[in-house]
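Structure first, then comments.
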Amino acid sequence: MIVSQWVGQGAAVRIMLFVETSLTPKSLNSSKNAVKMVLTPWYTCCNMIRDREPIVGSFHVLCILALIVGSLVQFSDELESAVDYSNRNLTHVPKDLPPRTKALNLSQNSIQELQMSDVSILPELRALRLSHNSIQRLDFGVFKFNHELEYLDVSHNHLQNISCCPVSEWCHYELYFAHHNLFHKGSDNLILILLEPIPQNNIPRLISIKIQLSGGSELTVKIPRANLTHVPKDLPLTTTTLDLSQNNISELQTSDVLLLSKLRVLMMSYNRLQYLDIGVFKFNMELEYLDLSHNELRVISCYPTVNFKHLDLSFNAFDALPICKEFGNMSQLKFLGLSGSKVQSSSVQPIAHLNISKVLLVLGDTYGEVEDPESLQHISTGSLHIVFPEKREFRFILDVSVTMAISLELSNIKCGFEDKECSYFSKAWAPRLPEERELISNFSNMALREIPPDLTEATTILDLSYNLLFQLQSSDFHSFSKLRFLILCHNRIQQLDTKVFDLNRELSHLDLSYNRLKVIIWSSLAGLRHLDLSFNDFDTLPTCEDIGNMPHLETLGLSGAKIQKSDLQKIAHLHLRAVLLGLRTLSHYEEGSLPILNTTALHIVLPMNTNFWVLLCDGMKTSKVVEMTNIDGKSQFLSYETPWNLTVENTKASTLIFHKVDLLWDDLLLIFQFVWKTSVEYFRIQDLTFGGMANLDHSSFDYSNTVMKAIILEDIHFRIFYIPQDRIYLLFTQMDIENLTISDAQMPHLLFPSHPQSFQYLNFANNILTDDLFKNPIQLPSLKTLILRGNKLESLSLVSVFANSTPLLHLDLSQNLLQNEIEEPCLWPDTLTLLNLSSNKFEDSVFWCLPRKVQTLDLSHNRIQAVPRETIHLSALRELRVAFNFLTDLPGCSHFTSLSMLNIEMNLILSPSLDFFRSCQELKTLNAGGNPFRCSCELRDFIWLEKHSEGLMIGWPDSYICEYPLSLKGTPLKDVYLPEFSCNTTLLIVTVVLAMLFLGMAVVFCWLNLDLLWYLRMLGQWIQIQHRVRKTMQKEPKRSVQFHTFISYCAHDSVWVKNELIPNLQTEDILICLPERNFDPYRSIAENIISCTEKSYKSIFVLSPNFVQSEWCHYEFYLAHHNPFHDNYDSIILILLEPIPSYCIPPRFHKLKALLEKQVHLEWPKDRRKRGLFWVNLQAAINVNLIDTREKCELQTFTEPNVEHHGSTTSLVRTDCL
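Sequential numbering from 1 applies to the sequence shown in the UniProt record's numbering.
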């Protein structure tokens, strides 16, 4: 048999040739995805030897041609889409490939190189197989023009070098550099690239890339099992998920992850880390998932600003639990994995206030030597999992009565004491267990051969299913006084003495199904409510008087090879809710046995190839609800001569359910006719397979005298058959019943009779119905509900025209191919209140084709971008679902005045508009989660709405996350602070105006009362002085001076100079040169003046009316002004002691007059409060550093005569420096 190799991998190959081969149902099923599409429409061309037997025959040329010709119409595009050049000994890619090739198989050749020209001519290429070739180098750039490429297999080559294209070119793909299954496709947006395992030193750093464009990029890098000893240095800077597990990394440094600013998930389990400083992640602000389990960590250093959601430190070598006080700041922590040998209250206290979803506690090997029995009471968690050390003996006294824990899981429970008792929990533990909780011990599927001896006595539910238990000992359960549920199904128990349960007085549920029981020795189990002995190896039903003495028994499971009346008589008086007959074999059934039972529901699971007819008849006489599983075989009715005369008297069943039915069409038709005449009102068949030839005439079906109300056919499969389709369709559509369901049947069409039918409920979900269904007139005057979900419908207007002729209340058209054109008319009945149009191809125009009285409308998973402003007014609409669309704003309620529930999650809403809140006054429920919110002022009203209307928003706050701006990305909306001042424009304007008014008033007040003008002038002077000083210091050459300043003043102003000026300057350590103190008596006055000005950086002139009248003062000013070192006005400081009118300045002081007009001068304030600013400006004007001078001229005090004051004065410098 020649079969494309891709069929086995699941590819969509639709044309297959089977030449001279034997086919069996098994071989057909192995490739059913391909075969079904080819063989189903043309089964008639191949005559099979016999129905219901393996199909054996030769497919001849005519049959092959028939298959191909029949495929031309439907698969004309696919005939050239799959090209197979495998195993042709090719050395290069063929050049004559069809341009529309979608699948190309070049495996098992000798191709050494792949070039862009080889595949650029194939724009529709989706799958390319190059496995088992000789390719040594691969450049992904060759696929630049293959935008449809989904699968690439280059396994089993000689690859040594891989050249990756930029990540942006692979934004829809996921790349795997490993040896995996080619056709293991996980998503429609994935590319799977499989490479041959490469030596360690050639492993590419970029192991896996996954980028999700919606809502931002996500870059995943996986390098597991690469024998790495350190974190790679060449990781992409945009990495969000990094997997370095199962390597040999022993150290983690800040530089390893410093540049990965977008890292959110880091997995480093199964490495060799011994020390960790969490501070290495201080720059990874988005990191929320850290897995460091299965390392050798002994010490951990915490950092205060790290806030994880998932932190796993389990299975390490810590002595005490690695919990530090910084863990208490992890407000978002949902999972915490810990390990340690010492469990103490002090170590758990830092996280006592956190509400952690799950805590994993792995106890070290030395646990039990030091422990605190009350330690875990401080953990607030919904799920606690404790993994004990795998040691044979240790003492465990830990109290695990965790206050908030709902789920408790214990692993590796083993112990051994001298007194043969295993008491893991303190005696006080069980009484503190809340009454409403159950302590569940789950030992299912652990290959146990005996009951574990270390179970806690407080166990109420014990699951030992799927193990290897052979027998139960009398001591296995005697200590479990509170045991109520015991599950022992799927074991190997062969015999049982129920005395083992004598001390389990509260036992109410005992499941022993699916064992090998042959003998049961009964004793009193009067408290049982549920007893299941089904699917065992009993010869007869294991009923006895002890079962009859169980007054509370509600459900009973039985099994046996022989079913007799005498066995069931012993429990006939019990009023049971349900009886299960799980039969492995059935060698004898005594007719009339089942009606002895007194039960509401009866479920019979038959062994394969069992005559079900007698059991069906008796079962329908037994209970109201009858279920039968495994109905198969050939016709088991009496004869085809009188096929329509099958009747049963005195049936009780109102509900009949069949599971796993495999029958010929004629047998199925006879069952329908048989059930039609009984008391059954509700008939359901699940997992139905039928086929064969139609020997019976369906037109003879008697539709009269029935109480049938509903028929449900689900999950229908067709074997090879030849039956006119109209027979099948009309058989059901002519049934005058209320409810009809035919779902998951791959039904392409459906016919209705020409006369009106009384159907009220029709469900044809998950078929392949098209618009042809509504092209013929259908009369359904009573139809209330129509479900056409999961079909191939395309025209909404065509459906509306049909619906308008019915009184429909509920219409489900989801998961179709529906779309709407504006010019197409839509006519809906006024009765339609619920309409489901989700998962179609609708755009904005769908709002023009909606029923006006609809109350519940679902438009999720479509292509809607906005709700048109001019649309149909849906005044009765109460529930609107438009999730998973492309809406950019919340639709207002101007057209939906009664809207009370709106689901608009997973759209493109950035900032909901204010119009929504104003118009939707009746809204009670809003689901807007999963949108890329822009957290700005426009969102403030939206956040306010939830805070002031509790319970309005579904999914708050977890589903409402900021996407923009980037600084707030990932922040829940509830944590965003948007102040009123910055968002309220009116308030902002009022605040600014008031602030300006207040500032103006303050300025006026200061102007009038505090002489503000003077302060401003002085501030300006200070600024100018500072500027001049810096400018002078930059330009002035260095010279040898001994004084900061030379002071020139009139004798009449000497009192002010001596009492005010000199004391204030000397406090700042300023060296002053005075004429009366520093003049040399052996020089002329002019020489002394010149010498003093040359030895001083600055010259201060104290100006007053007396100064301008003094000849000596004029002389000093003239010489200072013409000092060669004072080449600018910046070295002259003018202090205006008293105002000098300009007319009082003599002409000889014309330079002083000009200088006063343009030079900044300091005025001596009369107000003492202003003098502080005066001295600051003066000191800034002097601002000269005389460090060099001071080093040369050592300060010392001496006296010299003062002629003017007839006394002495103090000199500040040595005379040898003058």
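Ideal Cβ placement from N, Cα and C applies to all residues, glycine included. Just so we're clear, the structure is a prediction, and the values are computed from it rather than from any experiment.
- Task: Measure the alpha-carbon distance for K233 versus D256 and round it to whole angstroms.
- Result: Rounded to whole angstroms, the separation of the alpha carbons of D256 and K233 is 7 Å.
- What is the residue span of the alpha helix (DSSP H) that Y729 lies within? In the DSSP annotation of this structure, the continuous segment of the alpha helix (DSSP H) that includes Y729 starts and ends at 725-733.
- Item | Helix, strand or coil at C962 according to DSSP, with G and I counted as helix | In this structure, C962 counts as strand in the three-state DSSP scheme.
- Query: Ends of the alpha helix (DSSP H) at V993?
  - Reply: Note, V993: alpha helix (DSSP H), 985-1009.
- Per DSSP, what kind of secondary structure is K792 in: helix, strand or coil? K792 carries a coil assignment under DSSP once its states are collapsed to helix, strand and coil.
- Message: Taking the alpha-carbon of H873 as reference, which of A458, W1112, C893, C302 has the nearest alpha-carbon?
- Response: The option with the nearest alpha carbon to H873 is C893.
- Inter-residue Cα distance where the pair is N927 and E823: Distance between the alpha carbons of N927 and E823: 33 Å.
- Is W1007 buried or exposed, if buried means 16 or more other CB atoms sit within 10 Å of its CB? By the neighbour-count rule (16 or more Cβ atoms within 10 Å), W1007 is not buried but exposed.
- Message: Comparing C-alpha positions only, which one of S754, S250, S797, S86 sits nearest to N776?
- Response: Selected option, being the one with the closest Cα: S754.
- Message: Can you look up N836 in the DSSP assignment and give me helix, strand or coil?
- Response: In the structure shown, N836 adopts extended strand secondary structure according to DSSP, grouped into three states.
- Determine, using beta-carbon pairs with one atom in the segment 134-143 and one in the segment 96-104, whether at least three such pairs fall under 8 Å. Taking 8 Å as the limit for Cβ pairs, the verdict is that the segment 96-104 does not touch the segment 134-143.
- Taking 8 Å as the cut-off, decide whether the C-beta atoms of E681 and V707 are in contact. Yes, Cβ-Cβ distance for E681 and V707 is below 8 Å.
- Would you call the CB atoms of G692 and L664 closer than 8 Å? Their beta carbons are under 8 Å apart, which means G692 touches L664 by this criterion.
- Flag this pair as yes or no: are the beta carbons of L333 and F315 separated by less than 8 Å? Their beta carbons are not under 8 Å apart, which means L333 does not touch F315 by this criterion.
- Item | Neighbour-count burial assignment, C1073, 16 or more Cβ in a 10 Å radius | C1073 is classed as buried because its beta carbon has at least 16 other beta carbons within 10 Å across all chains shown.
- Query: Under a Cβ-count criterion, where at least 16 other Cβ atoms within 10 Å of its own Cβ denotes burial, should V661 be classed as buried or exposed?
  - Reply: When all chains shown are included, V661 counts as buried.
- Task: Enumerate in chain order the residues of its own chain whose CB-to-CB distance from P781 is below 6 Å, with the five nearest sequence positions on each side excluded.
- Result: For P781, where only same-chain residues beyond five positions count, the Cβ hits under 6 Å are P756.
- Query: Using a Cβ-Cβ cut-off of 7 Å (strictly less than) and excluding sequence neighbours within five positions of S679, which residues of its own chain qualify?
  - Reply: Once the five neighbours on either side are set aside, the close Cβ partners of S679 are T651, K652, A653, S654, V707.
- Per DSSP, what kind of secondary structure is T1093 in: helix, strand or coil? Under the three-state reduction of DSSP, T1093 is assigned to helix.
- Nearest CA to the CA of T540: which residue from S1104, H717, P807, L517? Of the candidates S1104, H717, P807, L517, the residue whose Cα lies closest to the Cα of T540 is L517.
- Considering only residues of the same chain and omitting the five flanking positions on each side of Y270, which have a CB-CB separation below 7 Å? Excluding five sequence positions before and after Y270, the CB atoms of its chain that fall closer than 7 Å to its own CB belong to S245, Q246, H294, given in chain order.
- Item | Secondary structure of Y1143, DSSP reduced to three states | DSSP places Y1143 in the helix class (H, G or I) of the three-state scheme.
- Query: If you check the beta carbons only, do I111 and V93 fall under 8 Å apart?
  - Reply: Yes.
- Would you please state the rounded distance, in angstroms, between the beta carbons of L104 and V83? I believe it to be under 8 Å. For L104 against V83, the beta-carbon gap comes to about 5 Å, under 8 Å, which counts as contact.
- Using the Cα positions of K482 and N504, report the straight-line distance between them to the nearest angstrom. Approximately 7 Å, taken between the alpha carbons.
- Query: Rounded to a whole number of angstroms, what is the C-alpha to C-alpha distance between F802 and I778?
  - Reply: Per the coordinates, the alpha-carbon of F802 lies some 8 Å from the alpha-carbon of I778.
- Message: Excluding the 5 residues flanking P851 on each side, which residues of the same chain have their C-beta closer than 6 Å to its C-beta?
- Response: Taking P851 as the centre and dropping the five residues before and after it, the same chain places the C-beta of W828, L832 closer than 6 Å to its C-beta, in chain order.
- Item | Proximity to S900 [Cα-Cα], best of C1113, I909, T498, M953 | Cα-wise, what sits closest to S900 is M953.
- Message: Going by beta-carbon coordinates alone, are D771 and D744 separated by less than 8 Å?
- Response: Against a cut-off of 8 Å, the Cβ pair of D744 and D771 comes out as no contact.
- Which whole runs of the beta strand (DSSP E) in the segment 781-827 are 3 residues long or more, in chain order? Every beta strand (DSSP E) of 3 residues or more that sits fully in the segment 781-827 is shown, in chain order, as 785-787, 810-812.
- Query: Which residue spans inside the segment 90-167 form an unbroken beta strand (DSSP E) run of at least 3?
  - Reply: Here the runs fully enclosed are 103-105, 127-129, 137-139, 151-154, 161-163.
- When you compare each of L235, S800, L252 to S261 by their alpha carbons, which one comes out closest? Ranked by how close their Cα comes to the Cα of S261, the residues L235, S800, L252 have L235 in first place.
- Message: Considering only the alpha carbon of each residue, which of N705, Q746, H353, N763 lies closest to T733?
- Response: Of the candidates N705, Q746, H353, N763, the one whose C-alpha sits nearest the C-alpha of T733 is N763.
- Message: Beta-carbon within less than 8 Å of L276's beta-carbon, same chain only, minus the 5 sequence neighbours each way: which residues are those?
- Response: Only L252, L292, L297, V299, I300, S301 meet the Cβ criterion.
- Query: What number of angstroms, rounded off, separates the C-alpha of residue 1219 from the C-alpha of S523?
  - Reply: Not covered by the structure: residue 1219. The range shown for the chain is 1 to 1218.
- Span of the beta strand (DSSP E) holding I521? From DSSP, the beta strand (DSSP E) with I521 extends over 519-521.
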